[in-house]
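Going from the sequence shown to this note's numbering is simple: count from 1 and add 746. Notes follow once the structure below has been shown.
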Amino acid sequence: MVNKRKAKHALFAIASLAMLFYGLPRIELGEGFTLQNVFGAIWVGFAMMVAAAHLHMLFNVSEETSRHLTSVKRKKYAMWQQTIERRFNR
């Protein structure tokens with residue numbers, strides 16, 4: 747399971763970095779405040795955030811943090827399920 751997740755994040759990180767390297771030279775950002783330049787800057791920012799998120803998941807998230815997040819998600823799901831059951835049992 748962990749290997750599939752890492753492979754998925756590696757694939758998406760490579761894809762987003764490739765998209766960034768392909769698109770960055772084609773975007774002209776030095777001509778002032780035009781709609782095209784604003785779009786290009788926002789596009790570059792989003793592409794960098796996507797790549798950074800996948801690289802973070804690939805390299806920096808420890809097993810302990812991952813287990814903690816999984817337990818929090820399970821507890822949240824259990825609370826949500828109890829709330830629904832209470833509403834239907836009235």
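Built from N, CA and C at the ideal position, the CB exists for glycine as well.
Extent of the continuous alpha helix (DSSP H) run through R832: As a working note, residue 832 is residue 86 in the sequence shown. Segment 809-834, the alpha helix (DSSP H) holding R832.
Can you name, in chain order, every residue of its own chain whose Cβ lies under 7 Å from the Cβ of R751, other than the five neighbours on each side? For the purposes of this step, residue 751 is identified with residue 5 of the sequence shown, where counting begins at 1. Around R751: no qualifying Cβ.
What are the boundary residues of the alpha helix (DSSP H) that includes N806? The residue given as residue 806 occupies position 60 in the sequence shown. Where N806 is concerned, there is no enclosing alpha helix (DSSP H), given that its DSSP letter is neither H nor E.
Whole-angstrom Cβ separation of A759 and L801, contact assumed at under 8 Å? Mapped onto the sequence shown, residue 759 falls at position 13. Mapped onto the sequence shown, residue 801 falls at position 55. Yes, they are in contact, since the Cβ atoms of A759 and L801 sit about 5 Å apart, within 8 Å.
Below 9 Å between beta carbons: does that hold for L766 and M803? Position 20 of the sequence shown holds residue 766. Position 57 of the sequence shown holds residue 803. No, they are not a contact pair.
Would you identify the three-state DSSP class for L775, choosing helix, strand or coil? Here residue 775 refers to the residue found at position 29 when the sequence shown is read from its first residue. Residue state, collapsed to three classes: coil.
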